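Remarks on the structure that follows.
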Amino acid sequence: VKKGERELIEGIRKRAARQDGVGRLVRLGIGDDCAILRSRRGEELVVTTDLSLENVHFRRDWHPAASVGHRCLVRGLSDLAAMGARPEAAFLSIAVPRELAGRWLEGFLDGWMAAAKRYSVVLAGGDTAEAPRCPGSSRHSLFAADILLVGSAPAGKALRRSGASANDILYVTGELGGAAAGLRALSARGREYGRREHLYPEPRLKAGVRLVAKHLATAAIDLSDGLSTDLTHLCEASGVNAIVNRAALPIARGATLDDALNGGEDYELLFTARPGTKVPARLAGVPVRAIGRMIPRRRARHGAQIELRGEDGRRAPLLPGGWEHFRPRGEGKS
Ligand SMILES: [Mg+2]
C-alpha cells in the first residue's frame, strides 16, 4: 500500500502544480511539513471546515465521482461566501477505500480541482489514508473527505449571522428548492436524472464579496440546511424573529413549497439589510429577492420564531424542518 499511497499523493501534487500560479496568500503549498500563508495588511483570515461522508452527504450509486468532489469543495466555499470572504487556500484530507483508489478517486479529484480552478482556490495541503474495512464485515469501507478552507475579508467587515435588527428586510439570492427536487429525481429515477442544482451547485462567492464591498448587508448565512433551519440560526444569533412572505419565495422549477422551505443544499445566500438600503435586483449576475422582514422578539426568553405569511395574509408558524444530524428517528424530515 505504501507505494500506492506515494503514487496517489504524487498524482495529487501534480494536479496542484498545474494550478495557475500560487494564491495571493499561499507562499508555500504542498510539499513541506506545513503550508505557509502570508497575512495581508487590512485583511483578516476566515477559516471553515467541512466533512463529506459517503452515505451521509452523498451516495456512490447516485452521485458521479466528479459531483462528489465538486460538492465537497463547494460546501466549504459557500460558508466563505456567507461571510463575504474571498477563497484563498484549501486543504483536503481523504480516507479512501482500496477499491476506490483508481478511477473513482481520479473522478473525485477531477471534480474537486475543476471547482478549485473555477473559484480561484489553491490546494495547499492535506492528507490521505486508506479507509479500513469494519472488522468482521465483508462490506466495503466508506469514503470520507474533510476540507479546511482559508479565505480573506477586509478587517472587521466579514458578514456574521448576528447583525440583523428588527425591521431589517430579508433577502435571498437565486432560487430555492432546486437541490431537493434534484435529490428526489436522483433517488426515484437514477443518476441520469440528476439536476445541476443538486450535483454541481454554485457557491455565491461574488455576491458575498459584493455585499461586503457595498456595505449592503447587516447579517448573512448560506442555505445549506434549508431556509427554515438556516433562518432560525440567523434569528437566534441576532436575537430577532422573522416573517417570510410565501408569495415572494423564488421557488425553482419542479420544486415544491416544502423543498423551498426545508430542502437543504441550495447554497444560496440569505441576508438582511436595513429598510433604507437600496439592494440591487441582481448581485454579481445573481437575482436577489426580498422575501420577508425581521421583527422584534416578543419574549426575550423564548427562542427564535419564524412565521410564514400566506397570500391571504394569514400567518402560520414556520418550524425549522431542514437537515439536522442526530435528530431522533421518526422526527421531522426522513
Ligand atoms: Mg454555512
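Counted the way the numbering used here counts, the sequence shown spans residues 25 to 358.
Glycine residues also receive a C-beta, built at the ideal position from the N, C-alpha and C atoms.
All values derive from a computational prediction rather than experimental measurement.
* **Closer than 6 Å: Ser-144 CB and nearest ligand 1 heavy atom** => Start at 1 with the first residue of the sequence shown, and residue 144 comes out as number 120. It does not: the Cβ of Ser-144 is nowhere closer than 6 Å to a heavy atom of ligand 1.
* Asked: What number of angstroms, rounded off, separates the C-alpha of Leu-194 from the C-alpha of His-94?
  -> Locating residue 194 in the sequence shown gives position 170, where the first residue counts as 1. Locating residue 94 in the sequence shown gives position 70, where the first residue counts as 1. Each residue's alpha carbon lies about 29 Å from the other.
* Asked: Which first and last residues belong to the beta strand (DSSP E) in which Ser-117 is found?
  -> Position 93 of the sequence shown, counting from 1, holds the residue named residue 117. Its beta strand (DSSP E) spans residues 110-120.
* **For Arg-142, the nearest candidate out of Leu-258, Leu-255, Leu-229, Arg-62 (CA to CA)** => As a working mapping, residue 142 is identified with position 118 in the sequence shown. Answer by Cα proximity: Leu-229.
* Residue nearest to Ile-267 in terms of C-alpha spacing, selected from Ala-305, Val-98, Leu-332, Asp-283 -> If you number the sequence shown from 1, residue 267 lands on position 243. Checked all of Ala-305, Val-98, Leu-332, Asp-283; the closest Cα to Ile-267 is Leu-332.
* **DSSP-derived helix/strand/coil call for Ala-204** => Indexing the sequence shown from 1 puts residue 204 at position 180. Helix at Ala-204.
* **Distance between Thr-72 and Glu-23 (C-alpha atoms, nearest Å)** => Past the edges of the chain, shown from 25 to 358, lies residue 23, and the structure says nothing about it.
* Complete runs of the beta strand (DSSP E) confined to the region 127-199 [at least 3 residues] -> 146-154, 168-178, 193-197
* Asked: If you drop the 5 nearest sequence neighbours on each side, which residues of the same chain put their C-beta closer than 6 Å to that of Ala-169?
  -> Within the sequence shown, numbered from 1, the residue matching residue 169 stands at position 145. Ser-76, Cys-96, Ile-118.
* Using the beta-carbon count (16 or more within 10 Å), is Ser-358 buried or exposed? -> The residue labelled residue 358 in the question sits at position 334 within the sequence shown. Its pLDDT being 34, under 50, Ser-358 is placed unreliably in this model, and the coordinates cannot settle the point.
* So which residues put a beta carbon under 7 Å from any heavy atom of ligand 1, going in chain order? -> Ser-102, Asp-103, Ala-106, Ile-245, Asp-246, Ser-248
* Tell me the DSSP bridge mates of Val-268? -> Taking the first residue of the sequence shown as 1, we reach residue 268 at position 244. For Val-268, which the question treats as bridged, DSSP gives the partners Gly-316, Leu-332.
* How is Glu-289 classed by DSSP in three states: helix, strand or coil? -> Taking the sequence shown and counting its residues from 1, the one referred to as residue 289 is at position 265. Coil, per DSSP.
* Asked: Nearest to Asn-23 by CA position, among Ile-275, Ala-276, Arg-323, is which residue?
  -> Nothing about residue 23 can be read from this structure; the chain reaches only from 25 to 358.
* Quick one: using the 10 Å Cβ neighbour count with 16 as the cut-off for buried, is Asn-79 buried or exposed? => Residue numbering aside, residue 79 sits at position 55 when the sequence shown is read from its first letter. Classification of Asn-79: exposed, given that the 10 Å Cβ count is below 16.
* Note the first and the last residue of the continuous alpha helix (DSSP H) segment covering Glu-260. => Along the sequence shown, read from residue 1 onward, the residue named residue 260 stands at position 236. In the DSSP assignment, Glu-260 falls within the alpha helix (DSSP H) that extends over 251-262.
* Quick one: what's got a C-beta closer than 6 Å to Glu-292's C-beta in the same chain, skipping five residues either side? -> Translated into the one-based positions of the sequence shown, residue 292 becomes position 268. Val-196, Thr-197, Gly-198, Leu-247.
* Outcome for Pro-311 when other beta-carbon atoms lying within 10 angstroms are tallied against a minimum of 16 -> Here the question's residue 311 lines up with position 287 in the sequence shown. Exposed, because fewer than 16 other Cβ atoms sit within 10 Å of the Cβ of Pro-311.
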